[in-house]
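Remarks on the structure that follows.
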Amino acid sequence: MSATRRIHWMKYASASNFYPLANRLAPIFMGLAVVLAVIGLYIGFFVAPVDYQQGNSYRIMFLHVPAAWMSMFIYLLLAMYAIISLVWRVKMADIMAYSLAPTGAMFTFIALLTGALWGRPTWGTYWIWDARLTSELLLLFLYLGYMGLYSAIPDRQRASRAASFLAIVGIVNVPIIYFSVIWWNTLHQGSSFSVSEGASMTSDMLSALLLMTFACWAYTIAIVLRRAQAVILERKKVALWASQISKNKET
Amino acid sequence: MPVSRLLKSKFGKEKVNETCFMLEIEGLAVEREERLLFSGLSVKLSAGEGLHIVGKNGAGKTTLLRALCGLTSPAAGLVKWHEQDTTEFREEFCSDLLYLGHKNANKTELNCRENLRLALGVQAISDEEISDALHKAGLGMLSHLPTRFLSQGQQRRLSLARLLLTDATLWVLDEPYVALDYKAIEWLDSILERHLNNKGLLVLTSHQALTMTATIRVLNLGEQRA
Amino acid sequence: MLWKLFSRDMTLFMHRKQDVVTVLGFFLIAVALFPLGISSDPELLKTIAPGAIWIAALFSTVLALDRLFSEDLDDGTLEQQMLMPVPIALLLLVRLVAHWVITGLPLVLLAPLMGLQFGLAFNEIVILTLSLLIGTPVLVLLGAIGAALTVGLKSSGGLVTLLLLPLYVPLLILGTSAVTSAMNGVDVTAHFSLMGAALLVSLVLSPFAVATALKITLD
């Protein structure tokens, strides 16, 4: 490997180049995530003022909203990697999609959980079938479907292709689901009750929200890099480049 | 039993005089479960030629045949039929192709006649031709029975009966001799030889030594490592 | 030639009538479970009728889809179909239409009976049947994608449902709201236009999607 400092991104499409890069980057992003999260949570829970309508319970928004955003962004990323993996047969893209899925599912679950916790003091009930929570629930099914299909097929090549195809079908379906759920909601509940309505944002709240979002991003990058490394190691057993490396070691 | 003459040829080094190759395989590489089975496979076949693919279990014989037919995408390389890329001109290729895999491709609820008619797909075949073919396959008495009542050998003969009626030029057969008794093997040999004499092409795998009198090239996948 | 394929599926169905009867039986039982499990109050039944019947139709379709490709994969005829000199999408379209005629159309024909069981009025039953008439083909067309991806897997029953649920939700919402709107005297033109559009789009796009999914499976 040459010692030039220019980064050729296509180089990292190869797992053997990706691995050391991930090794260097993951701790950096994890550290960043912790720092941002601490600051963001501090501002959100202690500095931002009490909301006149919802009291202190609105503070769960600092977890709920970033988690919901992440759940959607990650699915978008996953679908993008799925397209690259399926169309151009880049194995690294498949590894990235596979590594993104559990984190996306986790954020979706957190969004649902925090949504329910927010709902209790606000509407008096833990769950409400509003458009956004229901869409989150269906998004969770999309993630579970991807992971379930991937693990159900024994042949890994077929599994990655099938799951990637499913992800692409899913991403096409997401706007359809979203709008149909919104429509369904208006049918049955009159005007939809949006939980962030009435919470006019002060600059403190906004900065806390943004910090938490960046913290989630940093966390996602760190954890996905690590997971991708683990996947690479696991597949190392059958990967061609690994056998070439071991052949070089013997000579 | 006639002694078969097998011509072993080294790839890329054999000089062939025919100017037009009907089937060309160029640089084919095939993967199975992320293992590269072989790469750089190049073969050219012209009318009347046959190719016998040998190799150990797991060498990739079936995968090669499937890649040839387009059922599985190769990791690299391409297949040309009449000098046209088979992935681009799929329908032209498929109309000239007959593939028989390990499975018999018969619906067990349908009877022999219905199965044979179905197997020939787009071809228009008269009832007499079907009866004739079934009779030659030794299934004349059984033609109205659902195939689930047939023995393994009989089912195999039913799926081979389509060879009698098809107008496909390229025959790709995966282990066609399995479950056949001595007489059926002779019968199949005669069909294959007639096909080659009629300028047809044949690609097949078989664990057993071939008993045909016709000359067939041999491709050993063991020598074609990745 | 396409007629050949269509008649092949019909012939096969003739030999395997009991499978289709099983699916229909499931539909009847599933619908019956709703009043049994919830309440037999006539007003309540009228309210849940569209949802119950649609959900039962949904699950029956998924159950029937299981048989769409699995046998053909097992006996090798699926490979032969993929090697036919016809565009695979066209071949699949014919197969899916045949599959709907065999498994979906009976559900549509049974729907009026179900409507009566739930005490729906005549015009509501008409809307219900129409919604299923347009909706069940879409269920089959979309469901085939899930079936194609999971064919041959050992434990695919629950997995297919999980995969198809997000795809089916918009259609479920459309179909049930059409009937509910009819009950409330609201105009249902919009609902049926959307469902008709969904049917046309899936008729055109789904065979290609299923073809891609099958190529992935057979690879």
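So the sequence lines, in the order shown, correspond to chains V, W and A. Residues 0 to 250 in numbering that gives the first Met the number 0 are what the first sequence spells out, letter by letter. Residues 0 to 225 in numbering that gives the first Met the number 0 are what the second sequence spells out, letter by letter. Residues 0 to 218 in numbering that gives the first Met the number 0 are what the third sequence spells out, letter by letter. For glycine and all other residues, C-beta sits at the position ideal for the given N, C-alpha and C.
With 8 Å as the threshold, decide whether the Cβ of N33/W is near any Cβ in chain V. Here residue 33/W refers to the residue found at position 34 when the second sequence is read from its first residue. The sequence given here places Glu at residue 33/W; Asn does not occur at that position. It does: the Cβ of E33/W has a partner Cβ on chain V nearer than 8 Å.
By Cβ distance below 7 Å, which residues in the same chain neighbour S245/V in space, the five residues on each side in sequence not counted? Here residue 245/V refers to the residue found at position 246 of the first sequence. Low confidence applies here, because S245/V scores a pLDDT of 46, under 50, leaving its location unreliable and the question unanswered by this model.
How about H14/A: is its C-beta nearer than 8 Å to some C-beta of chain W? One-based indexing of the third sequence puts residue 14/A at position 15. Yes, its Cβ sits closer than 8 Å to a Cβ of chain W.
Since K106/W is in the beta strand (DSSP E), which residue starts that stretch and which ends it? Position 107 of the second sequence, counted from the start, is the residue given in the question as residue 106/W. From DSSP, K106/W is part of no beta strand (DSSP E); its letter is neither H nor E.
Give me the chain A residues within the contact set of R160/V, using Cβ-Cβ distance strictly less than 8 Å, ordered along the chain. As a working mapping, residue 160/V is identified with position 161 in the first sequence. Residues of chain A with a Cβ closer than 8 Å to the Cβ of R160/V are, in chain order, I215, D218.
Can you tell me where the alpha helix (DSSP H) with K45/A in it begins and where it stops? Here residue 45/A refers to the residue found at position 46 when the third sequence is read from its first residue. Start and end: 41-74.
Which of helix, strand or coil does DSSP assign to W80/W? Mapped onto the second sequence, residue 80/W falls at position 81. Correct three-state label for W80/W: strand.
Interface residues of chain W facing D154/V [CB-CB closer than 7 Å]: Here residue 154/V refers to the residue found at position 155 when the first sequence is read from its first residue. Within 7 Å of the CB of D154/V, the CB atoms of chain W belong to E32, in sequence order along the chain.
With DSSP as the reference, label Y125/V as helix, strand or coil. Against the first sequence, residue 125/V aligns to sequence position 126. If DSSP states are grouped into helix, strand and coil, Y125/V belongs with coil.
Length-filtered (4 minimum) alpha helix (DSSP H) runs lying within the segment 121-163 of chain A: With a minimum length of 4 residues, the continuous alpha helix (DSSP H) runs that stay inside the segment 121-163 of chain A are 121-149.
Is G134/A closer than 8 Å to G174/A when the C-beta atoms are compared? The count along the third sequence starts at 1 and reaches residue 174/A at position 175. The count along the third sequence starts at 1 and reaches residue 134/A at position 135. The answer is yes: Cβ separation under 8 Å.
What whole-angstrom Cβ distance do L138/W and L157/W have, given they're in contact under 8 Å? On the second sequence, residue 138/W is found 139 positions in, with the first residue counted as 1. On the second sequence, residue 157/W is found 158 positions in, with the first residue counted as 1. Confirmed, about 6 Å.
Which of the three DSSP states, helix, strand or coil, is assigned to S6/A? Against the third sequence, residue 6/A aligns to sequence position 7. In the structure shown, S6/A falls within a helical segment according to DSSP collapsed to helix, strand and coil.
Please state whether DSSP places S1/V in a helix, a strand or coil. As a first step, residue 1/V must be located in the first sequence, where it is residue number 2. Reliability fails at S1/V, whose pLDDT of 41 lies under 50, so the model's placement of it is uncertain and the value that follows must be treated cautiously. The answer is coil: DSSP assigns S1/V none of H, G, I, E or B.
Beta-carbon within less than 6 Å of G103/A's beta-carbon, same chain only, minus the 5 sequence neighbours each way: which residues are those? Taking the first residue of the third sequence as position 1, residue 103/A is located at position 104. Scanning its chain for C-beta atoms nearer than 6 Å, with the 5 sequence neighbours on each side dropped, one finds around G103/A the residues T135, V139, in chain order.
What residue range is occupied by the uninterrupted beta strand (DSSP E) comprising L27/W? Translated into the one-based positions of the second sequence, residue 27/W becomes position 28. Run containing L27/W: 22-31, per the beta strand (DSSP E) assignment.
Rank S39/A, V168/A, F207/A by C-alpha distance to the C-alpha of I181/V and give the top, closest one. Here residue 181/V corresponds to residue number 182 of the first sequence, with the count starting at 1. Of S39/A, V168/A, F207/A, the residue nearest in Cα terms is V168/A.
Measure the C-alpha to C-alpha separation of L220/W and F164/V and round it to an integer number of angstroms. Taking the first residue of the second sequence as 1, we reach residue 220/W at position 221. Taking the first residue of the first sequence as 1, we reach residue 164/V at position 165. So the two alpha carbons sit approximately 33 Å from each other.
Give me the DSSP bridge partner(s) of H98/A. For the purposes of this step, residue 98/A is taken as residue 99 along the third sequence, with counting starting at 1. Note: H98/A sits in no beta bridge, so no partner.
If the criterion is Cβ atoms closer than 8 Å, does the pair E25/W and S41/W meet it? Locating residue 25/W in the second sequence gives position 26, where the first residue counts as 1. Locating residue 41/W in the second sequence gives position 42, where the first residue counts as 1. Cβ atoms of E25/W and S41/W: closer than 8 Å.
DSSP-derived helix/strand/coil call for T204/W: One-based indexing of the second sequence puts residue 204/W at position 205. DSSP, read as helix, strand or coil, puts T204/W in strand.
State buried or exposed for A229/V, treating a residue as buried only when at least 16 other CB atoms are found within 10 Å of its CB. In the first sequence, the residue the question calls residue 229/V occupies position 230. The residue in question, A229/V, is exposed, as its Cβ has fewer than 16 Cβ neighbours within 10 Å.
Sort F140/V, W117/V, R157/V, G118/V by Cα distance to L161/A and report the nearest one. Sequence index remark: in the third sequence, residue 161/A carries index 162 (1-based). Nearest option by C-alpha distance: F140/V.
State yes or no: is the C-beta of S72/W within less than 8 Å of the C-beta of R112/W? Against the second sequence, residue 72/W aligns to sequence position 73. Against the second sequence, residue 112/W aligns to sequence position 113. Going by C-beta atoms, S72/W is not nearer than 8 Å to R112/W.
In its own chain, which residues sit with a C-beta less than 7 Å from the C-beta of P34/A, not counting the 5 before and 5 after it? Position 35 of the third sequence, counting from 1, holds the residue named residue 34/A. Taking P34/A as the centre and dropping the five residues before and after it, the same chain places the C-beta of L44 closer than 7 Å to its C-beta, in chain order.
Excluding the 5 residues preceding and the 5 following L64/A in the sequence, name in chain order all residues of the same chain whose CB lies nearer than 6 Å to its CB. Looking up residue 64/A in the third sequence gives position 65. So the qualifying residues of the chain are G142, A146.
Which word fits W87/V, buried or exposed, when buried means at least 16 other C-beta atoms lie within 10 angstroms of its C-beta? For the purposes of this step, residue 87/V is taken as the residue at position 88 of the first sequence. Around the beta carbon of W87/V, fewer than 16 other beta carbons lie within 10 angstroms, which makes this residue exposed.
Put H143/W into one of helix, strand or coil per three-state DSSP. Here residue 143/W refers to the residue found at position 144 when the second sequence is read from its first residue. The three-state secondary structure of H143/W, taken from DSSP, is coil.
Considering only DSSP beta bridges, list what A75/W is partnered with. Reading the second sequence from its first residue, position 76 is the one you call residue 75/W. Residue pairing by DSSP places A75/W opposite A28/W in a beta bridge.
Less than 8 Å between CB atoms is the rule here; does L117/W satisfy it with respect to chain A? Taking the second sequence and counting its residues from 1, one reaches residue 117/W at position 118. By the rule that beta-carbons nearer than 8 Å mark a contact, L117/W touches chain A.
When you compare each of A166/V, Y177/V, I167/V to L170/A by their alpha carbons, which one comes out closest? Position 171 of the third sequence, counting from 1, holds the residue named residue 170/A. Out of A166/V, Y177/V, I167/V, the CA that lies nearest to the CA of L170/A is found in Y177/V.
The segment 184-198 of chain A / the segment 200-220 of chain V touching (three or more Cβ pairs under 8 Å): These segments do not touch.
By how many angstroms is the C-alpha of T113/V removed from the C-alpha of A278/V? The displayed coordinates of chain V run from 0 to 250. Any statement about residue 278/V would go beyond what the structure contains.
Examine the Cβ distances between the segment 3-16 of chain A and the segment 74-87 of chain W and report whether three or more of them are shorter than 8 Å. The segment 3-16 of chain A is not in contact with the segment 74-87 of chain W.
Along chain A, which residues have their Cβ under 8 Å away from the Cβ of I176/V? Counted from its first residue, the first sequence places residue 176/V at position 177. Contact of I176/V with chain A by beta-carbon distance below 8 Å involves P165, V168, P169.
Spell out whether any CB of chain A is found under 8 Å from the CB atom of L96/W. For the purposes of this step, residue 96/W is taken as residue 97 along the second sequence, with counting starting at 1. L96/W counts as touching chain A.
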